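In terms of my numbering, the sequence shown opens at residue 625 and continues consecutively. The beta carbon of each residue, even a glycine, is placed where N, CA and C say it ideally should be. For clarity, every value in this text was computed on a predicted model and none was experimentally measured. Structure, as structure tokens:
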Amino acid sequence: MPDEDREGRDQRAAARSEAVAPAEAETREAARAETREAAQAETREAAQAESREETRSELPADAQESEAERRRRRAQFLRELNEAKALRERVKPRQARAARMRQQMRMRTFRW
625 MPDEDREGRD
635 QRAAARSEAV
645 APAEAETREA
655 ARAETREAAQ
665 AETREAAQAE
675 SREETRSELP
685 ADAQESEAER
695 RRRRAQFLRE
705 LNEAKALRER
715 VKPRQARAAR
725 MRQQMRMRTF
735 RW
């Protein structure tokens, strides 16, 4: 009987080691796949960065014009924004005064 127990234990141990080996292999394969994907992503990013740099160097005159145009549009926007703020500051007191007057009229109308 002790020999049978030993054989059973050996068989179970062998089965366990076989079960662990495929799991380890899958883990290793997954790690390799992740490494490959990371390398491909880095290659793609490098290619995109190079193409961006080439685009910048090809059109320096247009870039300067567009920069000047952008600044002009931004200055116009800021002027209009400041004008709108000033108008708002002027208009708010009138609205507040009109609201007070309406409230007074309501109170006069509904005296008890």
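Which same chain residues, not among the five before or five after residue i, have their C-beta less than 8 Å away from its C-beta?
i, result
"residue 707", "none"
"residue 699", "none"
Any heavy atom of the ligand MN within a distance shorter than 7 Å of the CB on residue i?
i, result
"residue 705", "Only the bare structure without any ligand can be found here, which leaves the ligand MN out of the picture."
I'd like the list of long-range same chain contacts for residue i, defined as Cβ closer than 6 Å, with 5 residues on each side in sequence excluded.
i, result
"residue 718", "none"
Sequence ranges, alpha helix (DSSP H) only - wholly within the region 658 to 735, length at least 4 | 684 to 733
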